[in-house]
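**Student:** Counted from 1, the sequence shown has number 279 at position 178 by our numbering; the numbering is strictly sequential.
Please see the structure below; I have some questions.
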Amino acid sequence: MQIVNLIDKLYKNNDLDYGEILFILTHMEKEEKNYLIQKSNETRMKVYGNKVYMRGLIEFTNYCKIDCKYCGINGRNKNVERYRLSLEDILKCCDIGYKLGYRTFVLQGGEDPYNSDDRIVNMVTEIKNRYPDTAITLSIGEKSYESYEKYYKAGADRYLLRHETASRELFERIHIHSDYDNRLKCLWDLKKIGYQVGTGFMVGIPTQTKEDLVKDLLLLKKLAPEMVGIGPFIPHKDTVYRNETGGSLEDTITMIALTRLFLPNALLPATTALGSIQPFGREQGIKAGANVVMPNLSPTSVREKYSLYNGKICTGDEAAECRSCIENRIASAGFTMDMSRGDHIQWRSKI
Ligand code: SAM
Ligand code: FES
102 MQIVNLIDKL YKNNDLDYGE ILFILTHMEK EEKNYLIQKS NETRMKVYGN KVYMRGLIEF
162 TNYCKIDCKY CGINGRNKNV ERYRLSLEDI LKCCDIGYKL GYRTFVLQGG EDPYNSDDRI
222 VNMVTEIKNR YPDTAITLSI GEKSYESYEK YYKAGADRYL LRHETASREL FERIHIHSDY
282 DNRLKCLWDL KKIGYQVGTG FMVGIPTQTK EDLVKDLLLL KKLAPEMVGI GPFIPHKDTV
342 YRNETGGSLE DTITMIALTR LFLPNALLPA TTALGSIQPF GREQGIKAGA NVVMPNLSPT
402 SVREKYSLYN GKICTGDEAA ECRSCIENRI ASAGFTMDMS RGDHIQWRSK I
């Protein structure tokens with residue numbers, strides 16, 4: 102088997118089998134990696150052109166009742182100063198974001214029992230009443246079908262819930278309260294309800310193998326999500342993985358590029374985690390096929406408290422600084438920032 106032939110096959114058919122992906126991941130050399138990135142970039146250019154879509158991220162609570170062993174804000178970490186933004190604070194973030202041009206707000210947080218379904222529904226309704234031309238993305242973990250449906254009916258358009266790893270064994274090793282089957286059920290529920298669904302995984306989780314990463318790609322192919330967030334695992338000082346080595350930029354870029362070829366129409370963020378392990382990590386992600394960035398709109402007073410991993414970037418800048426920093430970075434990488442809602446290409450908007 103020739104790696105270049107396999108990449109060409111993937112480029113043409115958007116599919117490969119288990120053995121073929123594993124062969125690529127095991128044997129790919131530098132030149133072949135460059136070829137993969139070139140093909141991934143070509144694919145993105147064909148579907149979305151050189152636009153990079155902007156989402157305003159609001160990290161509205163760091164309370165969390167569960168315990169993902171890798172996550173700095175997990176419920177058992179006593180060193181976290183917990184915060185929860187009021188509806189008024191959240192609306193202020195949206196006001197600032199809207200004035201800066203954002204038309205997607207991503208509301209992310211831990212699994213915070215205070216945020217009942219009624220509170221989430223109210224939050225979504227208020228934002229949509231104020232800004233009907235925006236898209237709302239929720240990212241608040243595993244919920245029941247009924248809860249997801251309520252948020253959707255209130256106006257939520259998209260939902261992000263990473264599967265984290267498609268390996269059942271690895272998933273069970275790194276989570277205490279989350280169940281692998283339930284995570285997948287949630288994703289299928291979200292699809293059924295009508296959300297644009299985002300899933301994704303971490304690269305370089307302690308003990309993760311190449312075989313596990315193959316499973317991630319095959320799961321993505323099966324689920325066909327509209328968005329896929331891929332970022333390196335980065336250790337956090339208060340977790341059991343504090344002394345582990347994090348995922349590499351190179352491996353993460355490879356997985357982004359392969360994902361673009363498996364799912365040409367997907368929206369793929371160049372994640373903050375990618376920018377946190379290398380100063381130009383996000384730019385490299387964009388060049389390898391990513392086409393979304395999520396600058397932070399959270400008040401600067403709480404940014405440091407949403408500490409998922411060590412060395413998280415952009416904790417000090419005001420929203421406007423984040424926008425102009427990202428804008429310059431996108432332009433210097435040869436791409437154009439797009440402030441529209443930036444729906445998935447095959448999506449028919451609810452509004
Ligand atoms: N509670 C929601 C959920 O679980 O989907 C959203 C918040 S959670 C902190 C968002 C994402 O952060 C997770 O899906 C995970 O992939 C990522 N994350 C958490 N800890 C991380 C770490 N140590 N390194 C890299 N990414 C991490
Ligand atoms: Fe709940 Fe990370 S463990 S947000």
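Heads up, the beta-carbon is just placed ideally off N, CA and C, and yes, glycines get one too.
Please read all numbers here as calculations on a predicted model, not as lab measurements.
State the start and end residues of the unbroken beta strand (DSSP E) segment that holds Asp439.
**Tutor:** Here the beta strand (DSSP E) through Asp439 covers Thr437 to Asp439.
**Student:** According to DSSP, is Thr401 part of a helix, a strand, or is it coil?
**Tutor:** It is helical.
**Student:** Got a sec? Which residues, its chain only, sit under 7 Å from Tyr253 by beta carbon, not counting five neighbours each side?
**Tutor:** Cβ neighbours of Tyr253 beyond the five flanking positions: Ile294, Gly295 and Tyr296.
**Student:** Is it the case that the Cβ atoms of Leu318 and Thr360 are separated by a distance below 8 Å?
**Tutor:** Cβ distance < 8 Å, so Leu318 and Thr360 count as in contact.
**Student:** State buried or exposed for Thr300, treating a residue as buried only when at least 16 other CB atoms are found within 10 Å of its CB.
**Tutor:** The residue in question, Thr300, is buried, as its Cβ has 16 or more Cβ neighbours within 10 Å.
**Student:** Among Glu422, Glu327, Asp190 and Ile335, which one has its Cα closest to the Cα of Lys413?
**Tutor:** Nearest of Glu422, Glu327, Asp190 and Ile335 to Lys413, Cα basis: Ile335.
**Student:** At 4 residues or longer, what runs of the alpha helix (DSSP H) sit wholly inside the stretch 261 to 343?
**Tutor:** Whole alpha helix (DSSP H) segments, 4+ residues: 269 to 275, 281 to 294 and 311 to 324.
**Student:** Of the residues Ala432, Cys415 and Met328, which one's Cα is nearest the Cα of Ile357?
**Tutor:** Checked all of Ala432, Cys415 and Met328; the closest Cα to Ile357 is Met328.
**Student:** Starting from Cys169, follow its DSSP beta bridges and name the residues at the other end.
**Tutor:** Partner(s): His276.
**Student:** Measuring alpha carbon to alpha carbon, tell me which residue in Gly242, Leu137 and Lys229 is nearest Tyr260.
**Tutor:** Nearest option by C-alpha distance: Gly242.
**Student:** Pro396 and Arg424 look like a contact to me (Cβ under 8 Å); what is the Cβ gap, rounded to whole Å?
**Tutor:** About 6 Å; that satisfies the 8 Å criterion.
**Student:** Specify whether the stretch 124 to 142 and the stretch 182 to 201 touch according to this definition: at least 3 beta carbon pairs, one from each stretch, less than 8 Å apart.
**Tutor:** Flag = no, the stretch 124 to 142 and the stretch 182 to 201 do not touch.
**Student:** Residues around ligand 2, please: the ones whose beta-carbon is closer than 7 Å to some heavy atom of it, in chain order.
**Tutor:** Ordered along the chain, the selected set is Cys165, Ile167, Asp168, Cys169, Cys172, Ile174, Asn175, Gly176, Gly211, Glu212, Gly242 and Leu409.
**Student:** Helix, strand or coil for Val207 per DSSP?
**Tutor:** It is a strand residue.
**Student:** Taking the alpha carbon of Met438 as the point to measure from, which residue in Arg177, Glu345 and Arg204 has its own alpha carbon closest?
**Tutor:** Out of Arg177, Glu345 and Arg204, Arg204 has the C-alpha closest to the C-alpha of Met438.
**Student:** In the DSSP assignment, what residue or residues form a beta bridge with Glu160?
**Tutor:** Answer is Gln209.
**Student:** Rounded to whole angstroms, what is the Cα-Cα separation between Gly417 and Lys179?
**Tutor:** So the two alpha carbons sit approximately 23 Å from each other.
**Student:** Have a look at the DSSP bridge pairing and note the partners of Pro370.
**Tutor:** Per DSSP, Val393.
**Student:** Roughly how many angstroms lie between the CA atoms of Ile378 and Arg177, to the nearest whole one?
**Tutor:** Roughly 25 Å separates the two Cα atoms.
**Student:** Taking the alpha-carbon positions, what's the Ile452 to Asp234 distance?
**Tutor:** Caution applies to Ile452, whose pLDDT of 45 falls short of 50 and renders its modelled position unreliable; the value that the coordinates give is listed next. Taking the straight line joining both Cα atoms gives about 8 Å.
**Student:** Below 8 Å, can you find three or more Cβ-Cβ pairs linking the stretch 266 to 273 to the stretch 217 to 236?
**Tutor:** No: the two stretches stay apart, fewer than three of their Cβ pairs being nearer than 8 Å.
**Student:** Is DSSP giving Arg183 helix, strand or coil here?
**Tutor:** In this structure, Arg183 counts as coil in the three-state DSSP scheme.
**Student:** I need the straight-line Cα distance from Val222 to Ser279, nearest angstrom please.
**Tutor:** Spanning the two alpha carbons is a distance of roughly 24 Å.
**Student:** Got a sec? Which residues, its chain only, sit under 7 Å from Gly198 by beta carbon, not counting five neighbours each side?
**Tutor:** Result list for Gly198: Gly157, Phe206, Leu398 and Ala420, in chain order.
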